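Everything below concerns the one structure shown next.
Protein chains: 2
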Amino acid sequence: MTAEAYALLRSAILRGEYLPGERLVEAQLCERLGTSRFNVRAALQDLAADGLVKVERNKGAHVRKVPLDEAVEITEVRMVLEGLVAARAAARVSDEQASELDEIGLLMRRAVGAGEFRRYSDLNERLHGLIRHIAGHRTADGIIETLRGQLVRHQFMVSLHPGRPAVSLPQHERIIAAIQAHDPAAAEVAMREHIASVITALREIDAL
Amino acid sequence: MTAEAYALLRSAILRGEYLPGERLVEAQLCERLGTSRFNVRAALQDLAADGLVKVERNKGAHVRKVPLDEAVEITEVRMVLEGLVAARAAARVSDEQASELDEIGLLMRRAVGAGEFRRYSDLNERLHGLIRHIAGHRTADGIIETLRGQLVRHQFMVSLHPGRPAVSLPQHERIIAAIQAHDPAAAEVAMREHIASVITALREIDAL
DNA sequence: GTCGGCCAGATTGTTGACAATCCAGCTCGA
DNA sequence: TCGAGCTGGATTGTCAACAATCTGGCCGAC
Chain A
10 MTAEAYALLR
20 SAILRGEYLP
30 GERLVEAQLC
40 ERLGTSRFNV
50 RAALQDLAAD
60 GLVKVERNKG
70 AHVRKVPLDE
80 AVEITEVRMV
90 LEGLVAARAA
100 ARVSDEQASE
110 LDEIGLLMRR
120 AVGAGEFRRY
130 SDLNERLHGL
140 IRHIAGHRTA
150 DGIIETLRGQ
160 LVRHQFMVSL
170 HPGRPAVSLP
180 QHERIIAAIQ
190 AHDPAAAEVA
200 MREHIASVIT
210 ALREIDAL
Chain B
10 MTAEAYALLR
20 SAILRGEYLP
30 GERLVEAQLC
40 ERLGTSRFNV
50 RAALQDLAAD
60 GLVKVERNKG
70 AHVRKVPLDE
80 AVEITEVRMV
90 LEGLVAARAA
100 ARVSDEQASE
110 LDEIGLLMRR
120 AVGAGEFRRY
130 SDLNERLHGL
140 IRHIAGHRTA
150 DGIIETLRGQ
160 LVRHQFMVSL
170 HPGRPAVSLP
180 QHERIIAAIQ
190 AHDPAAAEVA
200 MREHIASVIT
210 ALREIDAL
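Quick mapping for you: the protein sequence lines, in order, are chains A and B.
Going by our numbering, the first sequence opens with residue 10, and the numbers climb by one from there.
Going by our numbering, the second sequence opens with residue 10, and the numbers climb by one from there.
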């Protein structure tokens, strides 16, 4: 029951039904989630550990607001972690996985060509997920997943940034090529360059 | 009160009063910590988020056991994160901080020369802490701190490994030099090499 | 003898009530 | 008018009792 409350509340926050800074009142959540305060509190505790909400003693919980500075920090951490993961994926990739990467690359080029940005964004997520799966680095994977949760809003803005695919598509292609070539160093560099450009995009979007 | 219980229990685990795998029974902890089950449970929840304790539903909590594979993964993550932090420290270090680094380097050489390994180990911690302070990267810092907690036992073994100072002292000197030279790339490389050698040491110790 | 099922004690999960705290709006005096 | 202090309602913090679940040992059938 408490895991259920956690999952419900988490997805509600991630899909934006509660805005950053919004207060999360336990009694209201009890009704919303159809459960007791005990479970609600446990869920809030867990979400605080994920960095999605902040609880202040005697003052309750609210959705955590991630300022630009911190979004950049988080993405810097993601940059080095995904670099590590990409390098390890290059060292471990199987032939079957290599062709799966090829397929995603192909679909990405098609999606960008057809202007299907939503589809491209999904493929982006799928590519990064597959690379993490190939790497099989559970520690890095868990941290990356946690950090991604904290950035849903910002990520969303980046993926809708006009001209973004033109920058990121060739980067994705380089990452795929390096992994297929079993070249860890090249894969790490390509991944880091890719995510470094996300940081640039974050800053540009915020300046608007 | 709950924060107090958390702090007490955390330090008890870190100083090895509870061994990996040992069961943590709520009622016993209530006596040990002089508080109610409510607070004990909250503390266990928080420690689980830190990765120090694992709680299984209806089966209670025990001190988490970190196998070698995972210790290596954790140290790999630390390698790239501390690399990031070292690079940033090189970009931001002030003159005053640079001379503080110098002082630590000097004390380290003295400690190794005098065979004071415990003192060297403390200085090691102080050096890494100062570099993180100079970098001012709160996101990376928090993650590194969490990971360090999970490895206390392994770290301890590494620092007592004979011949370890002979390997790590010159590495520390290179890190200090690169930061003082305001050379982020060199600082990152030096830090990564240093922590890569910790991974080697971890594996050697486990093979005994 | 041993294997499966079952029982009792131990342990954790959950609840509802109560205590402590915070906060917004009000009162009142200067 | 303005600010200090107060008060009542809303919200969170804590507890102790009860329910659910697990664990290890016992018993009987084979």
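Note that CB positions come from ideal geometry on N, CA and C, so glycine has one too.
Bear in mind the structure is a predicted one, so any value in this text is a computation, not a measurement.
| Query | Result |
| --- | --- |
| Cβ contact (3+ pairs, closer than 8 Å) linking the segment 139-154 of chain B and the segment 166-181 of chain B | no |
| Cβ of G43 of chain B within 8 Å of any chain A Cβ | no |
| Min CB distance L18 of chain B to chain A below 8 Å | no |
| Ranges of the beta strand (DSSP E) found wholly within the segment 15-93 of chain B, counting only runs of at least 3 | 62-65 and 69-72 |
| is_contact[L90 of chain B, chain A] using C-beta, thresh 8 Å | yes |
| L136 of chain B versus F47 of chain A - alpha carbon distance | 43 Å |
| Chain-ordered neighbours of Q37 of chain B on chain A, where CB pairs are closer than 9 Å | Per Cβ cutoff of 9 Å: no residues; Q37 of chain B is ~22 Å from chain A at best. |
| Check whether Q159 of chain B and I208 of chain B have beta carbons under 8 Å apart | no |
| C-beta contact flag for V86 of chain A and A149 of chain B at 8 Å | yes |
| Three-way DSSP call (helix, strand, coil) for V167 of chain A in this model | helix |
| Any C-beta of chain A under 8 Å from that of R147 of chain B | yes |
| Integer Cβ distance of I140 of chain A from A95 of chain A, believed to fall under 8 Å | 6 Å |
| Sufficient close CB pairs (3 or more, under 8 Å) joining the segment 190-198 of chain B to the segment 97-107 of chain B | yes |
| Reduced DSSP category for S108 of chain A - H, G, I as helix; E, B as strand; rest coil | helix |
| Cross-chain neighbours of Q54 of chain A in chain B, by beta carbon under 7 Å | Q54 |
| Residues that L93 of chain A contacts on chain B, provided the C-beta gap is smaller than 9 Å | E85, V86, M88 and V89 |
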